[in-house]
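S.K.: Sequence lines, in order, name chains A and B.
With the numbering used here, the residue at position 226 of the first sequence is 211, and numbering never jumps.
Start counting at 1 in the second sequence, then tack on 772, and there's your number in the numbering used here.
Let me give you the structure first, and then I'll get to my questions.
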Amino acid sequence: MKEEIKEYEEKLNAYLIKELLENAPQSKLKKAAKKTVEEYESAKVDPGEAVGLICAESIGEQGTQMTLDTFHFAGVAEMNVTMGLPRLIEILDGRKEITTPMMEIFLKHPYSTGKNVKELAMELKQTTIGDIAKEYSLNIADMKIQIILNEQKMKNLKITISQVGKAAEKLTKAKITTENNMIEAKLKDNQDLSALYALKENIHDVPVKGIKGIRQVLTVERNGEFLIITAGSNLKKVLELEFVDTERTTTNDIYEISKTFGIEAARQAIINEVMRVVEAQGLNIDIRHILLVADTMTVSGEVKGITRYGVVSEKSSVLARASFETPLKHLINATLVGEIDSLNSVVENVMLNQLIPVGTGLPKLKVKND
Amino acid sequence: MVDVYLNGLYFGEVQNGEAFAKQVREERRKGVLSQNVNVYYNHEMNQVLIESDKGRVRRPLIIVRDGMALLTDKHIKQLQKNEITWTDMIKQGVIELLDAAEEENMLVAFDEKELTPEHTHLEITPLTMLGLVTALVPYGNYTQGARLSIGAKNQKQSIGFYAANFPVRMDMDVNLLHYPQSPIVRTIAHDLSEFDKHPAGQNVIVAIMSYKGYNIEDAIILNKGSLDRGLGRSTYFRPVIVEELRYSGGLMDKVSIPDKEVKGYKSEKDYRLLENDGVVFVEAKVKEEDVVIGKVSPPRFLSSLEEYSLASNIKRESSVSLKHGEEGIIDFVLISENEEGNKTVQVRIRDQRIPEIGDKFVSRHGQKGVVGLIVPEQDMPFTASGIIPDIIFSPHSIPSRMTVSHLLESIGAKVGAISGRYVDATIFDCEPEEKIRKELLELGFAENGTETMYDGLTGRRMQARIFVGNMYYLKLKHMVANKIHSRARGPIQLLTRQPTEGRAKEGGLRLGEMEKDTFVAHGSALLLKERFDSDKTVVPVCEECGVIAIYDAFKEKSTCPTCGETAEINDVEMSYAFKLILDEFKSLGVYPRLKLVNKY
């Protein structure tokens, strides 16, 4: 630490000090530090500022713009991804099942050059017997199903008949025999016809190859390197693959990120996903509002949506909860346990027409009587 | 096989749908089938729909055979001589009426030049594509389609001469234009609908320019001199109707000046305009709160024994008085009896409305505007020939709306006004623009309709030449006098003690949840509290049990009914709505307890 800016050590954070040392000219270091402190202090949020409400207004107002202009990308060779307001609502609600899960899989060096990317991508895609079947035939007399497979497709996907047999054996209760390009499943015991039909449906969905949940793959060249974009997401399984760059590979499923990487990653994912929607719509929302939302959604250690089941249910005030959706539920429960509302927040004080603890209502000063 | 449906119900099958439909049409034209039958062969659905129900919108078309219209010059001559009628032509199979479905099977030619052997029908005139009111828009083919609909919609709201017998009518809420005029630029729909018998507008001179910024955003400037001469003046009529109702026990209402003993007696001043029969005199000037018809009714609840025995003649005041903000002159009084044999009194109030800032005007092209400023005649700009416009219209209203017809009407009416003739502007069949321009030039004006103008205030010549012309302007029934509203103090609701809602009840303007949020976002806590003070109450609260206590006015002391005299009681300020919700909790068996703490 330089002597000149020692006194500012406590006033500025480490990042700013590092920047100062790197960028400010030696002679004017002290002056620069003083100016930085000034700027830093003025950028701070004042005590009692209604940050949550301003955040809600800042996102909400822009959200109204979004409903009006939704963009459709017709004929572009990209995958159809939920964007715009529906996506924003999905993120902020903290949905566990999102409408269009998607992954961006980055590749380690030799693979990212583009050689064999298509094959790597095909390896990811989940293939079921139904995908490679050419013809089904049900033999009711012998209670068995014969499936003729498409050899060309199998060749493209590098699947052998024995692989198919093994997969089917594992996941169905039937006796499997394979022959050339035909696979035969015979029911073990004497079961009725409906069991045979059930078996047919069952065998149709047997995964032969690829990763569960990856429905579609697409290879894209971006900034001189190749990556794989998938429809459907399975972060845990994808990261186990040896050609995948585990540091940059990501998904748009926030819940999955929180399960795999933990809550801090989920927080960052919320920020990234919201920013992506915001930027795609050409809106101008300050990132600090989104940081606040992401923090609120993740403080408890798990992802909670801005809904009556999520963060709103965490509010301490009965009246505040009752004033947002389902008032009866909250009032009845409060009655049963004898809840106490200490009137610490905004909404309940507005209801009582008391001073709200925000802005000018925050300081508790009393004039001395003498 | 093709399914046949009659009025939406399955009827049977035919071999060839198209041939069948054709056969039905032939029979109809021959007069074997009713003229009201329409048939439609739907190729995609492979079905034939026959309709004979009432309520379908149908339009007339000339039948075409082999590229030749069946309507010939012979028919027209016969029509002119009144030898045949419209129905005769339908019977002859020259004209037929198609509904929306049958039209799908047909190919209709726009005019005779277009006819080919494929065509099945010919438009009588393109005007028949439009409704009655839309057909009144001049130069309709020079305007964006949406504006045509808006123009039609606006004309329906215009004030005009709605009925010749208006002096003896008791219409609810009507307006009457004082000096209605016949439009100079007109369509044949004006003649067909006998528009001159019920005109709804006035011919004015319109300059398209700005005036000190008072006509931005669709506002218009009015000439005070024109208003003084009666432009846009109208009368608003509102009737007050009262009936002497009969109640059980032989009791009934009585129209009279209420006695002072009557429950709810207003003040003597309020009844001053009533004559001995309890009804105002004609031509009386009435203002808000003034009683128009005095009436007394029997008490509401006879079961109340006390009231019944002690003073059986105690009556209730139920007079009709003018609402808040209303004024006018009593125009007409009618006393009669209704179907039930009850006496009814009807009083019509009239109020003259001179255009004022905020009144709405519109041209026939959906170019509506609100009066933004009324300018003294001497301050208005004037042309080289001394013409002063009645209305100044903003040029910004033109490009985005693309109402070229508005401009065409302006020069069209200019020509018509100067040369003393009507100008035909029927849609797709109007006098051509070139002809109007040429005529304007011949009359000694610039052919594009612009004129040199001078500023009324400075007398300086304006740099730009201004587009001036005549137009038919309509006054719309939306007048500020019926809408203006403000409140500082006023009535409150009984239940919540919050201000009432709506203009009629002199209500407040709600500061809603999102508006509240803006106060919070600004951190203006004390201002927010003050804004929500409308239902502020101070209630005594018992410190011991936490329930609202009772204030004893005699002892000037609050006591708690459950905890007795000794309990400590403090006054708490809260919104009445919150006090109400506490009471509602109590009624549900919930015990909402207030714990008092000193806030400071």
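Glycine is no exception: its CB is placed at the ideal position from the N, C-alpha and C atoms.
For the putative contact between F228/A and K143/A, defined by C-beta atoms under 8 Å, what is the C-beta separation to the nearest angstrom?
M.R.: Here residue 228/A refers to the residue found at position 243 of the first sequence. Here residue 143/A refers to the residue found at position 158 of the first sequence. Going by Cβ atoms, the distance from F228/A to K143/A rounds to 15 Å, so no, they are not a contact pair.
S.K.: Return no unless some Cβ of chain A is closer than 8 Å to the Cβ of K1288/B.
M.R.: Against the second sequence, residue 1288/B aligns to sequence position 516. For K1288/B, the answer is yes, since a Cβ of chain A falls inside 8 Å of its Cβ.
S.K.: Between the alpha carbons of N269/A and E258/A, how many angstroms are there, rounded?
M.R.: Reading the first sequence from its first residue, position 284 is the one you call residue 269/A. Reading the first sequence from its first residue, position 273 is the one you call residue 258/A. Each residue's alpha carbon lies about 15 Å from the other.
S.K.: Would you say D1305/B faces chain A, with C-beta separation under 8 Å as the test?
M.R.: The count along the second sequence starts at 1 and reaches residue 1305/B at position 533. Yes, contact with chain A.
S.K.: Applying a beta-carbon distance threshold of less than 9 Å, which residues of chain B neighbour A35/A?
M.R.: On the first sequence, position 50 is the one that residue 35/A refers to. Within 9 Å Cβ-Cβ: D1289, V1292, A1293, H1294 and G1295.
S.K.: Quick one: which unbroken beta strand (DSSP E) runs of 3-plus residues sit fully inside the stretch 979 to 1045 of chain B? Chain order, please.
M.R.: List check, beta strand (DSSP E) in window: 991 to 995 and 1006 to 1015.
S.K.: Hey, could you find the ends of the beta strand (DSSP E) V229/A is sitting in?
M.R.: Here residue 229/A is taken as the residue at index 244 of the first sequence, counted from 1. Run containing V229/A: none; DSSP gives neither H nor E here.
S.K.: Check whether the Cβ atoms of I90/A and T231/A sit closer than 8 Å, and answer yes or no.
M.R.: Along the first sequence, read from residue 1 onward, the residue named residue 90/A stands at position 105. Along the first sequence, read from residue 1 onward, the residue named residue 231/A stands at position 246. No. Outside cutoff.
S.K.: If we ignore side chains and look at the alpha-carbon of each, how far apart do S806/B and Y812/B end up?
M.R.: Looking up residue 806/B in the second sequence gives position 34. Looking up residue 812/B in the second sequence gives position 40. If I take the Cα positions, the gap works out to 15 Å.
S.K.: Taking one C-beta from the stretch 980 to 992 of chain B and one from the stretch 1042 to 1053 of chain B each time, how about it: are there three or more such pairs within less than 8 Å?
M.R.: Contact fails: fewer than three Cβ-Cβ distances are below 8 Å.
S.K.: Is T897/B buried or exposed, if buried means 16 or more other CB atoms sit within 10 Å of its CB?
M.R.: Translated into positions along the second sequence, residue 897/B becomes position 125. It counts as exposed.
S.K.: Could you name the residues that DSSP lists as bridge partners for R261/A?
M.R.: Counted from its first residue, the first sequence places residue 261/A at position 276. Beta-bridge pairing links R261/A to no other residue.
S.K.: According to DSSP, which residues form a beta bridge with A170/A?
M.R.: One-based indexing of the first sequence puts residue 170/A at position 185. Note: A170/A sits in a beta bridge opposite I130/A and I161/A.
S.K.: Verify the CB distance criterion: does E1214/B have a CB-CB separation below 8 Å to chain A?
M.R.: Here residue 1214/B refers to the residue found at position 442 when the second sequence is read from its first residue. Taking Cβ atoms only, chain A never reaches closer than 8 Å to E1214/B, which makes this a no.
S.K.: Mind pulling the chain B residues with CB within less than 7 Å of E42/A?
M.R.: Locating residue 42/A in the first sequence gives position 57, counting from the first residue. Per Cβ cutoff of 7 Å: D1289 and A1293.
S.K.: Go through its chain and collect everything with a Cβ distance to D1355/B's Cβ below 6 Å, but skip five positions before and after it.
M.R.: By one-based count along the second sequence, residue 1355/B stands at place 583. Once the five neighbours on either side are set aside, D1355/B has no close Cβ partner at all.
S.K.: Establish whether the CB of I132/A and some CB of chain B are separated by less than 8 Å.
M.R.: Working through the first sequence from its first residue, we reach residue 132/A at position 147. Not an interface residue.
S.K.: Hey, how far is the Cα of S1191/B from the Cα of E1181/B?
M.R.: Residue numbering aside, residue 1191/B sits at position 419 when the second sequence is read from its first letter. Residue numbering aside, residue 1181/B sits at position 409 when the second sequence is read from its first letter. Taking the straight line joining both Cα atoms gives about 15 Å.
S.K.: Looking at the strands, I want to know which residues DSSP matches up with E868/B.
M.R.: Here residue 868/B is taken as the residue at index 96 of the second sequence, counted from 1. Answer is L833/B.
S.K.: Quick one: Cα of V905/B to Cα of Y911/B, how far?
M.R.: Walking along the second sequence from the start, residue 905/B turns up at place 133. Walking along the second sequence from the start, residue 911/B turns up at place 139. Those two C-alpha atoms are separated by around 14 Å.
S.K.: Answer yes if the stretch 126 to 136 of chain A comes into contact with the stretch 161 to 173 of chain A, meaning at least three C-beta pairs across the two stretches below 8 Å, and no otherwise.
M.R.: Touching, per the Cβ criterion.
S.K.: Give me the Cβ distance between S1296/B and P1312/B, rounded to the nearest whole Å; I'm assuming they're in contact under 8 Å.
M.R.: As a working note, residue 1296/B is residue 524 in the second sequence. As a working note, residue 1312/B is residue 540 in the second sequence. Incorrect: roughly 30 Å between the Cβ atoms, too far for contact.
S.K.: Do P971/B and F933/B count as a contact pair if the criterion is CB distance below 8 Å?
M.R.: As a position in the second sequence, residue 933/B is number 161, starting the count at 1. As a position in the second sequence, residue 971/B is number 199, starting the count at 1. Yes.
S.K.: In three-state terms, what does DSSP make of E1079/B?
M.R.: On the second sequence, residue 1079/B is found 307 positions in, with the first residue counted as 1. Since pLDDT at E1079/B reaches only 49, below the 50 mark, its modelled position is unreliable, and the value read off the structure follows with that caveat. In this structure, E1079/B counts as helix in the three-state DSSP scheme.
S.K.: Determine, using beta-carbon pairs with one atom in the stretch 1274 to 1293 of chain B and one in the stretch 1200 to 1217 of chain B, whether at least three such pairs fall under 8 Å.
M.R.: Output reads no: the stretch 1200 to 1217 of chain B does not touch the stretch 1274 to 1293 of chain B.
S.K.: Between which two residues does the alpha helix (DSSP H) harbouring I144/A extend?
M.R.: Along the first sequence, one-based indexing puts residue 144/A at 159. No alpha helix (DSSP H) holds I144/A; DSSP gives it neither H nor E.
S.K.: Could you check whether L77/A and I291/A sit closer than 8 Å to each other, using their CB atoms as the reference points?
M.R.: Reading the first sequence from its first residue, position 306 is the one you call residue 291/A. Reading the first sequence from its first residue, position 92 is the one you call residue 77/A. Going by C-beta atoms, I291/A is nearer than 8 Å to L77/A.
S.K.: Can you name, in chain order, every residue of its own chain whose Cβ lies under 6 Å from the Cβ of G839/B, other than the five neighbours on each side?
M.R.: What you label residue 839/B is simply residue 67 of the second sequence in a count that begins at 1. Answer for G839/B: L887, T888 and P889, listed in chain order.
S.K.: For E4/A and chain B, any beta-carbon pair shorter than 8 Å?
M.R.: Here residue 4/A refers to the residue found at position 19 of the first sequence. Answer no: the Cβ-Cβ gap between E4/A and chain B never drops below 8 Å.
S.K.: For S147/A, which residues in the same chain have their Cβ closer than 8 Å to its Cβ, ignoring the five residues on either side in sequence?
M.R.: What you label residue 147/A is simply residue 162 of the first sequence in a count that begins at 1. Answer for S147/A: T163, listed in chain order.
S.K.: Tell whether a beta-carbon distance below 8 Å holds between K1186/B and L1145/B.
M.R.: Working through the second sequence from its first residue, we reach residue 1186/B at position 414. Working through the second sequence from its first residue, we reach residue 1145/B at position 373. Contact: no.
S.K.: If you draw a straight line from the alpha carbon of K1374/B to that of L304/A, how long is it in whole angstroms?
M.R.: This structure cannot settle anything about residue 1374/B, because the visible part of chain B is limited to 773 through 1372.
S.K.: Spell out a yes or no on whether the stretch 1058 to 1072 of chain B and the stretch 1012 to 1026 of chain B are touching, meaning 3 or more CB-CB pairs, one atom from each, closer than 8 Å.
M.R.: Segments in contact, yes.
S.K.: Along chain A, in chain order, which residues have C-beta atoms closer than 8 Å to that of K1308/B?
M.R.: Here residue 1308/B corresponds to residue number 536 of the second sequence, with the count starting at 1. Under the 8 Å cutoff, chain A gives N338.
S.K.: Can you name the residues of chain A whose CB is closer than 9 Å to the CB of K1301/B?
M.R.: If you number the second sequence from 1, residue 1301/B lands on position 529. Per Cβ cutoff of 9 Å: N334, V335, N338, Q339, L340, I341 and G346.
S.K.: At a CB-CB cut-off below 8 Å, which residues of chain A make contact with L1298/B?
M.R.: Position 526 of the second sequence holds residue 1298/B. Residues of chain A passing the Cβ test: L340, T345 and G346.
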